[in-house]
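Here the structure comes first, spelled out in C-alpha cells, and everything after it is commentary.
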Amino acid sequence: MVPDNTILLEILRDACRAPSGDNVQPWRFRWDGLTLSLYNIPGIHNSYLDFEERGAYIAHGALLENLAIAAPHYGYNVSIMLFPDQGMPDLVARVAFAPSATYDDPLYASIQRRATNRRPYASRALASDARAALKDVAMPEGMTLVLIEDAAKRETLAPHISAIEQLLLGHAALSSAFFAHIVWTKREERARRSGFYVKTMEFNPVQAFVFKLASKPWLMRAFRKLGLPALIASEDAKIYGGGSALGGLYAPDFSKTSALALGRALERVWLTATTHGLAFQPLFGTTMMGYKSRRGEAMFLSDAERAAIEVSALSLETAFRNTRDTPTLIFRVGYAQEPSAYTSRKEPNIVYN
Ligand SMILES: Cc1cc2nc3c(=O)[nH]c(=O)nc-3n(C[C@H](O)[C@H](O)[C@H](O)COP(=O)(O)O)c2cc1C
C-alpha cells in the first residue's frame, strides 16, 4: 500500500521545509502511483556562489532527510535510491514507500520549527545535554563534525567567515547577483514563497536603509569607495564570533553523492539543535568560494580577491581539521531570541502520471 495523493502532499510539504541557499527550492517531483522521483532544477542557484549544483544537492539531501523523518508520522517508511539513472543527471533520487507503524521520530516536530537565525547569539556555553546531542548525531558514513567552543579561537576565525561578505559586496557582478535574489516585502515573500527575505537578515533600521540603498548599483559604487563592504564584514564578524560554538561539517569528498550526504547530515544536526532550543545559521560562503577558487572556477575574481578568499578558507579548513579536498560547511549555534521573520515555501510541484 502506498500513500494516496493527499497524504503524499502532506509528506512532501514537510520535506520541502528543508533549507536551500537563498531559499530557491531547486526541486520538483513526479509520482507514478508507486514511486516518487525527485528532480533537481539546474541553474537556479547563484552561479557565482555555487559549484556544479553542489549547493542544490545539499538542499536535496536535507529534503530527503526530512522525508525519511516525516514519513513514519503518516504511517510509511521510505527507501531511497540516489541518482538511479546515469542517463538522467537531474534525477536525484527515487523513493519507494512501504507501510509502517505510525510514530513520530524525535526530530519530527523540529522540521516545521527549524529556521535560519541571523540574530546575535548570547555568549553562553552550550548546555551539556545539547553538546552531547550534537556530537552524537547519527550521520551518513564518512561525515565529520567538529565543534569549536573556545571563545578566543572563534573570535580569530570570525573575520575569515565574514570575508565572503566583503568580497561579495565589493564586487559589482557578485553583488548584483546577490541583490537579484532579495525579497523586499512581506507581501512579495507571501506571493513568491522563494528567495532571500530581507526581514530574516535581522538588520536594525539604519542597516536596513543602507542595505536598500546599496541595492542600487550606482550607489553601491559610491559605498564601495567609502569602505562599506569592509565595515559590514567587520560588524558581522562580531556576530559570528559570539554565541556558543562554531560547527564544521564535511564529507570525504565533494562528489554529487557526498553533497547529498552532507545535506542529510546538515539537516540532522540542525533539527537536533532546534530540538535543544538552539539558534543556528549556516555560514558556507568563504569555504565554498575558497574551494571554487582553488579549482580554478572563480576566474571572475581578481588575483588579489582570489588570494584573499583562499587564505581565509584555508584558515577555516585548518581550524576544523579538514585536510580533504572538500569545503567545510560551517555554522554557528547558540542561544538567541526567535528570528524576527520566517521564510515560506512553494507548494510541492508534483507531476502525477
Ligand atoms: C547549503 C546551504 C548554505 C547556506 N549558506 C548560508 C550562508 O552562508 N549564510 C546564511 O545566512 N544562510 C545560509 N543558508 C541558509 C539559507 O539561506 C536558508 O536556509 C534559506 O534562506 C531558507 O530559510 P530557513 O532556513 O529559515 O528555512 C544556507 C543554506 C544551505 C542549505
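Residue numbers (numbering that gives the first Met the number 0): 0 to 352.
All C-beta atoms, glycine included, are put in the ideal place defined by N, C-alpha and C.
Taking residue i as the reference, which of the options has the closest Cα?
i: PRO216; options: ALA171, ARG130, LYS198; result: ALA171
i: TRP30; options: ALA236, LEU156, ASP3, ALA14; result: ASP3
i: LEU328; options: GLY295, THR317, PRO281, LYS345; result: PRO281
i: TYR196; options: ALA312, SER175, ASP21, MET87; result: ASP21
i: LEU137; options: GLY86, THR271, ALA58, PRO83; result: Sequence inspection shows Ala at residue 137; the Leu mentioned does not correspond to that position. Comparing Cα positions, the closest option is THR271.
i: SER19; options: ASP128, ASN65, MET0, THR5; result: ASN65
i: PRO326; options: GLU309, ALA340, VAL332, GLY333; result: GLU309
i: ALA151; options: LEU313, GLY242, TYR47, GLY333; result: GLY242
i: PRO211; options: GLY226, SER311, SER174, ALA97; result: According to the sequence as given, residue 211 is Lys; it is not Pro. Measuring from the Cα of LYS211, the nearest candidate turns out to be SER174.
i: GLN85; options: ASN321, LYS255, ARG153; result: LYS255
i: ALA250; options: THR322, MET288, ALA306, VAL209; result: THR322
Which residues bound the beta strand (DSSP E) around residue i?
i: TRP26; result: 26-30
i: PHE330; result: 328-333
i: ILE80; result: Per the sequence shown, the amino acid found at residue 80 is Met instead of Ile. Taken as a continuous stretch (DSSP letters only), the beta strand (DSSP E) holding MET80 covers 75-81.
i: PHE349; result: The sequence as given places Ile at residue 349; Phe does not occur at that position. First-last of the beta strand (DSSP E) with ILE349: 349-351.
i: ALA278; result: 278-282
Suppose contacts are defined by Cβ-Cβ distances below 8 Å. Is residue i in contact with residue j by that definition?
i: PHE28; j: PRO338; result: no
i: ILE238; j: PRO158; result: no
i: LEU106; j: THR274; result: yes
i: ALA236; j: ALA278; result: no
i: GLU304; j: PHE50; result: no
i: PHE319; j: GLY247; result: yes
i: TYR198; j: ALA17; result: According to the sequence displayed, residue 198 carries Lys and not Tyr. The answer is no: Cβ separation not under 8 Å.
i: LEU156; j: LEU315; result: yes
i: GLY284; j: LEU48; result: yes
What separation, rounded to the nearest whole angstrom, lies between the Cα atoms of residue i and residue j?
i: ILE181; j: ALA100; result: 43 Å
i: LEU63; j: ARG223; result: 41 Å
i: ALA260; j: PHE82; result: 12 Å
i: LEU245; j: ASN352; result: 45 Å
i: ALA232; j: ALA162; result: 6 Å
i: GLY240; j: LEU230; result: 16 Å
i: VAL91; j: ALA55; result: 10 Å
Quick check on residue i: buried or exposed, where buried means 16 or more other Cβ atoms within 10 Å of its Cβ?
i: GLN165; result: buried
i: MET142; result: buried
i: ASN203; result: exposed
i: LEU144; result: buried
i: ASP13; result: buried
i: LYS354; result: Summary: the structure shown does not reach residue 354, with the chain confined to residues 0 through 352, and so no result is reported for it.
i: ALA190; result: exposed
i: GLN24; result: buried
i: PHE253; result: buried
i: VAL350; result: exposed
I need the boundaries of the alpha helix (DSSP H) containing residue i, first residue and last residue.
i: ILE160; result: 150-160
i: ASN65; result: 53-69
i: VAL91; result: Looking at the DSSP string, VAL91 is not in any alpha helix (DSSP H); the run it does join, the beta strand (DSSP E), is 90-98.
Let me see if you follow: with CB-CB separation under 8 Å, is residue i close to chain C or not?
i: ASP149; result: Of the protein chains in the structure, only one exists, and it is not chain C.
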